[in-house]
Amino acid sequence: MRADLNISDIHSLGKAQAFETLAQIARVEKKTFPAKEAFAFGEELWKKKPNTKVLYATLGPHSSVIAYAVYVRQKGVALLHKVCVVEGYRRQGVGMELMNYIRQRLQKEGCQYVQLWVDKARDAARSLYVRNGFEEREEIPDYYAPGRKGIRMVLDLGRDGP
């Protein structure tokens with residue numbers, strides 16, 4: 037892992053710091069995803085939802101958010117709702133570090149599978165997931181919008197690394 041990359045859970049923060057971090061994430065989300073696909077990063081995510089986790093990455097202890105992820109875990113399966121790396125930090129290994137962190141954390145929590153949906157047209161995201169051991173399992177036409185296919189990908193955490 038890069039020595040300067042810090043990955044944390046917003047639930048490890050105090051209320052004010054958590055709300056500021058969520059606000060930073062919300063700004064990145066709005067810049068990165070179409071309005072219909074933008075996840076609502078409201079303050080309610082900080083309230084203790086035991087199976088919903090919001091992770092974020094920074095460079096150094098007091099820098100801005102450069103990547104984030106949200107997953108919901110139910111028993112042995114996690115649904116990875118969102119993974120995003122700020123545009124200026126893409127293709128520098130940040131996404132790989134974040135995915136590796138998520139994998140290790142979920143394995144420690146006893147999770148057996150991770151599932152996600154990705155737009156077929158998002159080649160960089162699909163490539164990141166494949167490099168992390170995800171397999172494409174299903175394609176659904178018009179999943180995101182007319183003409184935009186969604187692909188369900190699954191990672192078997194019982195297998196050895198990617």
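Just so we're on the same page, my numbering is the position in the sequence shown counted from 1, plus 36.
Beta carbons are placed, not taken as given, at the ideal position from N, Cα and C, and that holds for glycine.
Query                                                                                                                                                       : Result
Helix, strand or coil for GLN151? Go by DSSP, reduced to three states.                                                                                      : strand
Could you give the DSSP three-state label for ARG162: helix, strand or coil?                                                                                : helix
Please report the straight-line C-alpha distance between SER100 and GLN60, rounded to a whole angstrom.                                                     : 7 Å
Which value, in whole angstroms, describes the spacing of the CA atoms of GLY78 and ARG139?                                                                 : 25 Å
DSSP state of GLU133, grouped into three classes?                                                                                                           : helix
What are the start and end residues of the beta strand (DSSP E) that includes GLU172?                                                                       : 171 to 181
Measuring alpha carbon to alpha carbon, tell me which residue in LEU152, GLU133 and TYR104 is nearest ASP40.                                                : GLU133
Measuring CB atoms only, is the stretch 121 to 128 touching the stretch 148 to 158, in the sense that at least three cross pairs come out at less than 8 Å? : no
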